[in-house]
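Note that numbering that gives the first Met the number 0 gives residue 27 to position 28 of the first sequence, counting from 1, and the numbers run on in steps of one.
Glycine included, C-beta positions come from ideal geometry on N, C-alpha and C.
I have placed the structure first, in the form of structure tokens, so that the comments after it can refer back to it.
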Amino acid sequence: MKYWLLKTEPNTYSWQDLVNEPDKTTFWEGVRNYQARNLMRDEMQEGDLAFIYHSVVKPPAIHGIARIVRAAYPDHYAHDPGHKYFDPKDDPDNPRWVMVDVQAVQAVDPPVTLDEIKKTPELQNMVLVNNSRLSVQPVQPEEWRFILSMRGISL
DNA sequence: GCCAACGTTGGC
DNA sequence: GCCAACGTTGGC
């Protein structure tokens, strides 16, 4: 069992949007970065848990916890001309990009802000602190547990 | 809106 | 294969 952090811009897709989905489940499409792709494809497994993090907005923060309910499979939007996430270099016979399915598990309320994380000594090694641009990030078990403890969440 | 950090592209 | 130029991300 591994832990992750998935970034999203809530103006495009938010934690609340995920909660409002049928079965609280959606496909996490549109990852177009090789490092993030490799993590999803090679490391992420069904049953893993992930923080859903809102970027760009103020304040950037972790808003919820989701479960990976389907491991990586081809992101067909990559070979859908005209789609926002179309990649002209993608070969449908050898898909370059993948997506996973995620299901909302529980809100983190109030959200854990980036500011709060940066002020917490135990969380200084988080990828979020050191490479906030990465859109799919591994979270260490002790970091995961520490953040849950900040909101009294037990899973 | 700025800009630092990071990623990608393409000429050589 | 190197690296300069360019593009994107995302916090501030």
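Can you pull the DSSP bridge partners for residue i?
i, result
"residue 61", "52, 111"
"residue 205", "Because the chain in this structure spans residues 0 to 154, residue 205 falls outside the shown range and cannot be described."
"residue 67", "101"
"residue 135", "5"
Give every residue of the same chain whose Cβ lies closer than 8 Å to the Cβ of residue i, excluding the five residues on either side of it in the sequence, and list them in chain order.
i, result
"residue 88", "95"
"residue 85", "76, 77, 78, 79"
"residue 128", "116, 117, 122"
What first and last residue would you give for the alpha helix (DSSP H) that runs through residue i?
i, result
"residue 143", "140 to 149"
Assign residue i to one of three DSSP states: helix, strand, or coil.
i, result
"residue 124", "coil"
"residue 116", "helix"
"residue 14", "helix"
"residue 155", "Because the chain in this structure spans residues 0 to 154, residue 155 falls outside the shown range and cannot be described."
"residue 80", "coil"
"residue 74", "coil"
"residue 44", "coil"
What residues in its chain sit with their C-beta under 7 Å from that of residue i, if we drop five residues either side in the sequence?
i, result
"residue 140", "2"
"residue 135", "3, 5, 30, 35, 38, 39"
"residue 114", "58"
State buried or exposed for residue i, treating a residue as buried only when at least 16 other CB atoms are found within 10 Å of its CB.
i, result
"residue 52", "buried"
"residue 154", "exposed"
"residue 142", "buried"
"residue 6", "buried"
"residue 45", "exposed"
"residue 109", "exposed"
"residue 62", "buried"
"residue 43", "buried"
"residue 0", "exposed"
From what residue to what residue does the beta strand (DSSP E) around residue i run?
i, result
"residue 3", "2 to 7"
"residue 26", "24 to 27"
Between residue i and the rest of its own chain, which residues show a CB-CB distance below 6 Å, the 5 nearest in sequence each way excluded?
i, result
"residue 26", "98, 100"
"residue 125", "142"
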